Amino acid sequence: MGKTIIMEHPLIEHKIAILKNRETGSKLFRELIDELGMLMAVEVTKDLKLKVEQISTPLMDTEVKMIDGKKLILVPILRAGIGMVDGFLNMLPSAKVGHIGLYREPETLEPVEYFCKLPKDTEDREIIILDPMLATGGSAEAAVRFVKERFNPKKISVACIIGCPEGLNHLREKHSDIDIYIAYMDEKLNEHGYILPGLGDAGDRLFGTKQ
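Counting in our numbering, the sequence shown runs from 1 upward without gaps.
1. How far does the alpha helix (DSSP H) with residue 135 in it reach, from first residue to last?
2. Could you tell me whether the segment 46-65 touches the segment 156-172, using the rule of 3 or more Cβ pairs below 8 angstroms?
3. Using DSSP bridges, identify the partner residues of residue 101.
4. Determine the direct distance from the alpha carbon of residue 45 to that of residue 63, and round the result to whole angstroms.
5. For residue 188, which option in 196, 181 and 59 has the closest C-alpha, if you only look at C-alpha atoms?
6. Please list, in chain order, all residues of the same chain as residue 170 whose beta carbon is under 8 angstroms from its beta carbon, the five residues on each side excluded.
7. For residue 139, which three-state DSSP category applies?
8. Which two residues bound the contiguous beta strand (DSSP E) that contains residue 183?
9. Per DSSP, what are the beta-bridge partners of residue 52 in this structure?
Structure (structure tokens):
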């Protein structure tokens with residue numbers, strides 16, 4: 001059974017409060033997503049295995065601990081997930097990056113794939129799927145399903161900045177084995193599948209497109 005982590009931290013709550021404000025422009029919005037990605041990366045990688053290595057400091061030889069095994073693969077869900085990549089890469093500069101492109105069909109709200117490309121050597125790697133908003137959970141669920149069916153990684157985690165109970169329950173019901181990290185839990189979905197009170201369309205606010 002995978003774990004579900006709802007992050008509770010004053011820095012995260014403060015940054016998300018600014019993120020939600022409709023007066024926050026695209027430049028600051030992108031900066032906040034970047035900072036939240038860095039804060040989330042620390043929690044998401046908390047259980048990475050370490051190995052002991054020998055190094056020399058300026059004063060003496062000593063043993064240190066470093067990350068063991070192959071590096072991670074970050075997989076943003078296009079397009080809004082792109083905003084989280086740099087924050088994670090700031091903390092994990094050796095990680096590889098893949099992409100999954102999905103959009104929600106307006107009538108059914110079901111995810112439709114239009115692009116999927118990951119690095120070739122996924123079998124022994126851990127994959128972190130990045131999506132700022134866990135709303136209906138359909139896009140995240142589909143992304144996890146595609147990765148499982150086509151790439152067979154060692155482990156899959158999903159990292160979202162804002163979630164809601166409906167999306168979390170849907171994702172957990174479909175994929176009980178993955179780890180789910182949510183920086184902040186909002187109240188609910190509206191009839192159009194948007195999180196309330198939410199922050200609007202994350203992609204539009206990231207890239208300054210029409211809302």
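Note that beta-carbon positions come from the ideal geometry of N, C-alpha and C, so glycine has one too. It should be emphasised that the depicted structure is a prediction, and the values quoted were computed from it without experimental measurement.
This is what the structure holds:
1. Taken as a continuous stretch (DSSP letters only), residue 135 belongs to no alpha helix (DSSP H), as it is neither H nor E.
2. Taking 8 angstroms as the limit for Cβ pairs, the verdict is that the segment 156-172 does not touch the segment 46-65.
3. 78 and 115
4. 22 angstroms
5. 196
6. Answer for residue 170: 136, 137, 138 and 141, listed in chain order.
7. helix
8. That run of the beta strand (DSSP E) goes 179-185.
9. Beta-bridge analysis with DSSP links residue 52 to 65.
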